[in-house]
Structure formats: structure tokens, C-alpha cells
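**Student:** Next up is a structure, given as C-alpha cells.
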Amino acid sequence: MKFRNLKLGTKQFIGFACVLAMMVGVNIYSQQTIRDLKNELDEVTNNWLQRMSALSGINLHTTNLRLYQLQHVFAVSDSTKKEQAGYMIVLIDQINANLNVYEQLKKYSEQKNLYSEEEGQHYRAFTQHWETYQDLFFEIFRHSRSGQSRQAIAVLNGQALDVFTLFSAELSALVRLNEQGSLDAATRAERLQRATQKISTILLIVTVLLSVVIALALVRHITVPVQRLAQAAGSVAQGDLDVRLEADSQDEIGQLTLSFNRMTAALQKARQQTESQQRALELTNQDLAKSNEDLQAAMQHLQETQEQLVMQEKMAALGDLVAGMAHEINSPIGVVNSATDVSNRCLARIERELQGSQRVRVEQVLHVLKDNLRITQEAGDRIATLVKSLRTFARLDEAEYQKVDIHEGVDSSLTLIESEWRGRITIEKDYTPAGELICYASQLNQVFATLLKNAVAAIESVGTIYITTRREKEHMHIEIADTGRGMAPAQLNKIFDFGFSAGGTRIKMRSGLSAVYNIVQKHRGTIRVESEEGKGTTFFIDLPVS
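First residue of the sequence shown? That's 162 in the numbering used here, and the numbers climb one at a time after it.
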């Protein structure tokens, strides 16, 4: 069978099989060399460089540690000694952290047979000297804190200096070994990269030449007939439907020529089908426009639902306050009812005694009646105070953005949650005389209520809450501190996140702390928190006055 009559797929297979075989060979070789190169680079980046970095960090931190030891010993003031002691503790922690990193890399290197016996000897010697130096460090620290500067200097410049010199030498040897290992691995990777690049270039040139030869062979048997088909298609596009082509081969191009002839005859029918599809597409576009309108309506409904959820959160917070106030009002109302009942019975008794003219008993009853009236008056004053505090807290009948005294908001918040802290928590206030600022009063009161309730919940039995305000130029500073359980440092970074909860360490009202942060941001202010486990928490709020 002539090559002309072979199937087009067979022609392509014959041509591209050679190219594919060459490309497969290039790919297999490239994959293998890339893996080898990656292993070499991984050895440098994930092993040698990291080990050298950890050792360099240890070397730097130990040098700084000795420097701070000298400064601590020669320091005069206690504050300077305390500051230098803090620096030294941090450096020891950093040294131990670098040692942990090195230990992990050491285990990995031993598994990969990348850890030499020489490096192991130096490292074991270093760890022994480092343990000895830490013991001497604490001995120097004790002498220095006790005021025994001469003993501290003697140890520091004597045995400690000798040990420091020894483990510094071991560290230098370890760094030198890792540096040499990194250079050797990098050199191997560079040689492998160069060899790979050279061979890949040669194979690429061979593949390109082979592809050119195959392409020229295929052009003669494929491209020329296709060009004739393209010219005929151009004539059809201009409206000449009488174009016909002769099929001079039995391959797919010959079959395509026959199909082209049939296509020309059916072109008018296809044109009619296209017009019908266009009309159907217009109807589809109308349906899409209607669907888009429905989607817009759904998005608007979703936005309204979101606003309702926000309102529900606000109503839930108000419900907590109303529930607490109802509990507070219930007690004085009970007192009023009881006192009223006693007053009624006293009046009835007075009437009976007046009929019997027993003056002494009448005076006794009048005394009881006066006490009940006093109790009733106190209960009424309590109810009036609670109602006034709730009104001050909510400020429903006032402008949303106005000039208010923030101390009124703090005091009203304390009154509304008084049932939670009365009898076990002491409130210490230190207010600035100038407590007025322009703000969203009801929202700022929500901030005070949330932080105060959070502080009350943090105190398990008895304790103290400190409220301090001070004004500096155009800023109002507010501090709310408690002597409660406090929080761990890891929790402070997430305290203002939505849905934050610290379990048994700290209690939070729903999403209150997230709302507090947003309200302070809305007032163009800042809020931050400091806390220590077992000692308490302090919130710092800084607000512009206007």
C-alpha cells in the first residue's frame, strides 16, 4: 500500500512515534536528574543550612549571654540587674530552642547517613560544656543577686570563662563542619546541574531536527490537500455553493473531501437551523434576565435577614440586662408589698385600739407603721435608681450621637449588674473631673457593661475591680482591671475574634468582646488587653474626646 493511501492516523503515528520515543527518553532522563538535583538541594536547604543556622544562632546567643552576665555583675541599680536578668533568661530559652532544632535535624541526618562521627564528637563535647556552663551561670546569678560581686566576677572570669572557651571552640568546629558539608553538597548539585543542562540541550536539538524532518514529510501528504479544502471553503463562504472537489486518496482527507461536498449541498439547511437556534438563544437570554432579577431579590432578602440577626444579638444582650433588672426590682417590690400589708394591719389595729383607748399600744403600732413607711420609701428609691440606670444605659429617648458624661454610663452599668457582684467584689473608682465626650452613648454603655460583666465573671469568690479614667488633651483613657483568674498569653491574640471562648479560664458574653472591639473602632479609638494567669486582666480603652 502506498504511503499516500495510508490512514491519516497511521501517517501521524509513524511520524510522531519517533518524536515521542525521543521525548520519552528525554523525559525519563530529565526526571531522574531532577530527582537527583532535588535531593542534593534538599540536603543543602533542609539539612546543612538549617543545622548551620541553628549552630550560628547558638553561638551568637551564648556570646550575648556572657555579655549580659558581665553587665549584670557590674550593674549598680537593682532595676538594671533585673532588666539584664530578663535578657539572660530569654537568651537561654533561645539557645535551648536552637538546640531542639539541631537535635531534630541531627536525627534526620543520622537516618540519611549524613551525620559524621566527627560532628557527633564535637556536639557531645559541646552539650557537656554547655550543661556545666548553665550550672555556673546560676551560681554567678545567685552571687550577683546576693550582692557578692567579687565571688560572681571570680567565677565568671575563672571557671565560667574556661568552659565558655571550650564550648565556643566546639561550636566553631560544628559550624565549620556544617559549612563544609553545605559547600560539598552545593558543589555536587552544581556539577549535576551542568551535566543535565548539557545532555538535555543535545537531546533537545536532536528532537527538534527529527521533528522538522517529519513535519516536512507530512506537509506533502497532508498540508496540500488541506489547502485545497481551505480555498474551496472560502468560495463557499462567498456564496458559491456549486464548488466540488476530487478525492485523490482514500485516507481521512479524502473522506473529508467527500464530506465537504455533502456539506455544501446541506449548507442551506444548516443556515436555516442557525436562524432557529438564534431565536431560541434570544428566549434563553430573556430567561436568564428573569433569573438575574430573582437572584437580586434573593440577595436583598439575605441582607435583610442578616440585619435581623444583628438585631437579635442586640436584643439578646438587652434581654440579659432586663432579666437581671427584673430580679433586682422584684426584691424591692416584695418589700413594698410586705410593708403595705403590715401598714394595713397596723391601721386596722390603730382603729381597734383607739376604740379601746389604749394609748401605749397605739404608739407601738404607730412606731411599726413608721418603720414600714421608711422601708417602703427605701424600696421605692431602689426601684427609681434601677429604672434611672437602665434609662441612662439604653438612652432610648436621646440623640444617638451626643455629648455625655461617660461616668454615668459606667455607674449605670454597675447598677444593672449589681446582683452579680454585691457582697463579694469591691469596686474602686478613680474618675477624672472632666468626663464628657461626644459619642454614641448607648453603644459605649454596651462596651462598659460587657467589660464589667466579663470582669465580674472572672472573679470566682472575692476580689476587686478597679475603674480609672483620665483625660489627656483630646483623648480619654479608660482602664477596667480585675483581680480574677486572668488569661494565658496565647489567648490574648484571639480575644477579640468573633466566637472567642477560653473555657474555664475566661468567660465571655456571646460575641460581646468582638462587638466591643467594633464599637471602639467605630469611635476611632483603640482597645488593648493585658493579662496574667492568677493575677487578673486589664482592658485599656483610648477614645478621642470629639
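Beta carbons: idealized from backbone N, C-alpha and C, even for Gly.
For residue 690, name the three-state secondary structure that DSSP assigns.
**Tutor:** Here residue 690 sits in strand by DSSP.
**Student:** What number of angstroms, rounded off, separates the C-alpha of residue 450 from the C-alpha of residue 462?
**Tutor:** Roughly 19 Å separates the two Cα atoms.
**Student:** By Cβ distance below 6 Å, which residues in the same chain neighbour residue 581 in space, the five residues on each side in sequence not counted?
**Tutor:** For residue 581, where only same-chain residues beyond five positions count, the Cβ hits under 6 Å are 617.
**Student:** Tell whether a beta-carbon distance below 8 Å holds between residue 314 and residue 237.
**Tutor:** No, the pair does not count as a contact, with Cβ atoms beyond the cut-off.
**Student:** Mind checking who residue 701 pairs with in its DSSP beta bridge?
**Tutor:** In DSSP, residue 701 forms a bridge with 640 and 689.
**Student:** Give me the Cβ distance between residue 216 and residue 336, rounded to the nearest whole Å; I'm assuming they're in contact under 8 Å.
**Tutor:** Going by Cβ atoms, the distance from residue 216 to residue 336 rounds to 5 Å, so yes, they are a contact pair.
**Student:** With C-beta atoms as the reference, is residue 259 less than 8 Å away from residue 219?
**Tutor:** A contact, by the Cβ cut-off of 8 Å.
**Student:** Suppose you measure from the CA of residue 631 to the CA of residue 592; what does that come to, to the nearest Å?
**Tutor:** So the alpha carbons of these two residues sit roughly 7 Å apart.
**Student:** Rounded to whole angstroms, how far is the Cβ of residue 578 from the Cβ of residue 612, which I believe are closer than 8 Å?
**Tutor:** That belief does not hold up - the Cβ atoms of residue 578 and residue 612 are roughly 11 Å apart, past 8 Å.
**Student:** Under the assumption that residue 563 contacts residue 602 (Cβ atoms under 8 Å), give the Cβ distance between them as a whole number of angstroms.
**Tutor:** Indeed, because the Cβ distance is near 6 Å, the residues count as touching under 8 Å.
**Student:** Just to confirm my understanding: we take residue 629, look at its own chain, exclude 5 residues before and 5 after, and list those with CB closer than 7 Å. What are they?
**Tutor:** Closer than 7 Å at Cβ, skipping near neighbours: 591 and 640.
**Student:** Are residue 404 and residue 384 closer than 8 Å when you measure CB to CB?
**Tutor:** It is not a contact, given that the beta carbons lie outside the stated cut-off.
**Student:** Of the choices 532, 524 and 525, whose alpha-carbon is the least far from that of residue 501?
**Tutor:** Residue 532 is the option with its Cα nearest to residue 501.
**Student:** Determine the extent of the alpha helix (DSSP H) in which residue 255 is found, giving its start and end residues.
**Tutor:** Run containing residue 255: 239-272, per the alpha helix (DSSP H) assignment.
**Student:** Which residues in the same chain have their Cβ closer than 8 Å to the Cβ of residue 781, if we skip the five residues on either side of it in sequence?
**Tutor:** This structure does not reach residue 781, given that the chain is present from 162 up to 707, and the question cannot be answered.
**Student:** For the beta strand (DSSP E) containing residue 597, list its first residue and its last residue.
**Tutor:** It spans 597-601 - the beta strand (DSSP E) in which residue 597 sits, taken as one unbroken run.
**Student:** For residue 535, which of helix, strand or coil comes out of DSSP?
**Tutor:** Note: residue 535 maps to helix in three-state DSSP.
**Student:** Using 8 Å as the cut-off, can you tell me whether the region 300-312 makes contact with the region 271-285, which would need three or more C-beta pairs spanning the two stretches below that distance?
**Tutor:** The answer is no - the region 271-285 does not touch the region 300-312, with fewer than three Cβ pairs under 8 Å.
**Student:** Indicate whether residue 250 and residue 223 have their beta-carbon atoms separated by less than 8 Å.
**Tutor:** Not in contact: residue 250 and residue 223 (Cβ atoms no closer than 8 Å).
**Student:** Within 10 angstroms of its Cβ, does residue 692 collect 16 or more other Cβ (buried), or is it exposed?
**Tutor:** It is buried - the Cβ of residue 692 has at least 16 other Cβ atoms within 10 Å.
**Student:** One question on the structure: do residue 327 and residue 283 come within less than 8 Å of each other, judged by their Cβ atoms?
**Tutor:** No. Outside cutoff.
**Student:** From what residue to what residue does the beta strand (DSSP E) around residue 296 run?
**Tutor:** No beta strand (DSSP E) holds residue 296; the alpha helix (DSSP H) holding it covers 278-306.
**Student:** Can you give me the C-alpha to C-alpha distance between residue 573 and residue 646, rounded to a whole angstrom?
**Tutor:** Rounded to whole angstroms, residue 573 to residue 646 spans 25 Å at the Cα level.
**Student:** What's the call for residue 271, buried or exposed, on a 16-neighbour Cβ count within 10 Å?
**Tutor:** With fewer than 16 Cβ atoms within 10 Å of its Cβ, residue 271 is classed as exposed.
**Student:** Using only the alpha-carbon positions, how far apart do residue 242 and residue 306 sit?
**Tutor:** One C-alpha to the other measures close to 8 Å.
**Student:** Answer with buried or exposed for residue 460, where buried requires no fewer than 16 other C-beta atoms within 10 angstroms of its C-beta.
**Tutor:** Result: exposed.
**Student:** Just reading off the beta strand (DSSP E) that residue 587 is part of, what are its end residues?
**Tutor:** Unbroken beta strand (DSSP E) run through residue 587: 586-591.
**Student:** In terms of DSSP beta bridges, what is residue 624 paired with?
**Tutor:** In the DSSP output, where bridge partners are listed per residue, residue 624 has 586.
**Student:** Please state the DSSP three-state secondary structure of residue 696.
**Tutor:** In the structure shown, residue 696 sits in coil (DSSP, three-state: anything other than H, G, I, E or B).
**Student:** So residue 568 and residue 596 are supposed to be a Cβ contact under 8 Å. How far apart are they, rounded?
**Tutor:** Contact flag correct, Cβ pair sits at about 5 Å.
**Student:** So which of 503, 332 and 175 has the shortest CA-CA distance to residue 286?
**Tutor:** Among 503, 332 and 175, the Cα nearest to that of residue 286 belongs to 332.
**Student:** For residue 403, does the three-state DSSP call read helix, strand or coil?
**Tutor:** Coil at residue 403, not helix or strand.
**Student:** Considering only their Cβ atoms, is the gap separating residue 681 from residue 702 smaller than 8 Å?
**Tutor:** Yes, these two residues count as a Cβ contact at 8 Å.
**Student:** Any idea what DSSP makes of residue 564, helix, strand or coil?
**Tutor:** In this structure, residue 564 counts as strand in the three-state DSSP scheme.
**Student:** In three-state DSSP terms, what is residue 633?
**Tutor:** The answer is strand: DSSP assigns residue 633 an E or B state.
**Student:** Check residue 658 in the structure and name its three-state DSSP category.
**Tutor:** Residue 658: coil per DSSP, three-state reduction.
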